[in-house]
Amino acid sequence: MRWNTMRGDIPRVCALSDLLMAAALSDRKYEEDEWLVVASTLMKVLGVAELPPEVEDRMRGFDPDAHDLDATLAAIRPESDKDRQDLLKVVAKVVLADHEVHADERTYIDRVAGALGIDGATVEALLTT
């Protein structure tokens, strides 16, 4: 994903935050390691050392029950196959932050992959490397 295209685009970064927070909370457990991966990914995308308040508020207020995957992906707008694969890689990074993949996390990453048109073998490779 050409992350620099999102730099300064707070609505797209907030959508990315939603995608990653949904991965972090898909097992219904708050894990500090997952939070740190989400925050560091968003800071990298924005090119900042500290999250803007609106992005941090978005993370803290995320409601997994209200998450709309299709709307979130539409807001992020991954354009190429590489963008879609890079996006799935960061979702996998969040899921793997606590060094285990729970069934609900696997279901979520499979849903993301399906929505992005990425096959299960690619998901499996991401989760086992």
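Sequential numbering of the sequence shown, starting at 535, is according to the working numbering. Beta carbons are placed, not taken as given, at the ideal position from N, Cα and C, and that holds for glycine. Everything numeric in this text was worked out from a predicted model, so none of it was measured.
#1: Would you be able to state if there are at least three C-beta pairs under 8 Å between the stretch 549-565 and the stretch 630-642?
#2: Is there contact between the stretch 589-600 and the stretch 616-636, where contact requires at least three CB pairs shorter than 8 Å?
#3: Of the choices His601, Glu568, Ala583 and Asp567, whose alpha-carbon is the least far from that of cysteine 548?
#4: At which residues does the alpha helix (DSSP H) containing isoleucine 544 begin and terminate?
#5: Could you give the residue range of the alpha helix (DSSP H) that holds tyrosine 564?
#6: Does leucine 621 come out as helix, strand or coil in the three-state DSSP assignment?
Judging by the given coordinates:
#1: yes
#2: Segments in contact, no.
#3: Working through the sequence shown from its first residue, we reach residue 548 at position 14. Looking at the Cα atoms, His601 is the closest of the given residues.
#4: In the sequence shown, residue 544 corresponds to position 10, counting from 1. 544-559 is the span of the alpha helix (DSSP H), which, as asked, contains isoleucine 544.
#5: Start at 1 with the first residue of the sequence shown, and residue 564 comes out as number 30. First-last for tyrosine 564: undefined, no H or E at that position.
#6: Numbered from 1 along the sequence shown, position 87 holds the residue referred to as residue 621. In the three-state reduction of the DSSP assignment, leucine 621 falls in the helix class, which pools H, G and I.
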